[in-house]
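Residue numbers (my numbering): 28 to 330.
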């Protein structure tokens, strides 16, 4: 009962797919007076890799409805010339979504960051990407390996920072060996107790030299990981125990260096719209905050 399908997948005509942090809700059209605008990252893909997401959606649909899917061929159209056209840049309000058109053996022909660059910035080389659909604790091991292998830098962007014991251990070890770790979280929370639950994890990381930033220009709902500027992950997995241990998630891993530079430019823009968190900010807190933190501790894995 506690396992949730947290994937966000949209597939149009079997030719275009979207995955990432976007939900369907009024908060994405600036109708949340408390937290708007919402800041999120989303991926648009086309080409052969769309069939992976279509298959995953159909598997999820079958599990949820117990229904058979007639005429499967309609969901998997043959590639057409239209798939090979270069996508036009579009303005996406309140987001700089990543556009990854994909052809052939799951390698994108170009990548652009919507809302951040001109059409001249579109990359022309092959951009390697991989879809990873995870269930329950599988994704924790993948992220743990990436953290342990990191030599220079780690970026974590997440709306909820409640890491597992293993990932907390890995992050502290990475900081100790000199890896620069940057964490970006929201300034305000959208759910009760999630911010207070993060404090007991952020304190030792701040003491270890990790840089933590709070996004000030709305609510930061993006889910992003970057390791050594060599591997980038954009998807649905929050850096919390629910996503890492309980939920079903879907992520996209990108390994093209120039594409990651483009993505990091977007992240840098968000960091400029953020305030660096100091240890004193979450140490010298009110009694009300201390009580909330105490209440959050036993239920952290369910938040």
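We put the beta carbon where it would ideally sit given N, CA and C, even for glycine.
- Listed as beta-bridge partners of residue 209 by DSSP are 182 and 238.
- Straight through space, the alpha carbons of residue 200 and residue 283 are spaced by roughly 27 Å.
- The secondary-structure analysis by DSSP pairs residue 252 across a beta bridge with 183 and 260.
- One thing to note: residue 277 has its Cβ no nearer than 9 Å to the Cβ of residue 181.
- Judged by DSSP secondary structure, residue 278 falls within the beta strand (DSSP E) whose first and last residues are 275-281.
- The C-beta distance from residue 166 to residue 271 rounds to 6 Å, short enough to meet the 8 Å contact threshold.
- Separation of residue 292 and residue 286 (C-alpha to C-alpha, rounded to the nearest whole angstrom) is 10 Å.
- Per DSSP, reduced to three states, the secondary structure at residue 160 is strand.
- Here residue 174 is buried: its Cβ has 16 or more other Cβ atoms, across all protein chains shown, within 10 Å.
- Residues of the same chain with a CB within less than 6 Å of the CB of residue 164, apart from the 5 flanking positions on each side, are 272 in chain order.
- Following the DSSP letters along the chain, one finds residue 73 inside the beta strand (DSSP E) bounded by residues 69-73.
- Around the CB of residue 51, fewer than 16 other CB atoms lie within 10 Å, so the residue is classed as exposed.
- Rounded to the nearest whole angstrom, the CA to CA distance from residue 241 to residue 86 is 37 Å.
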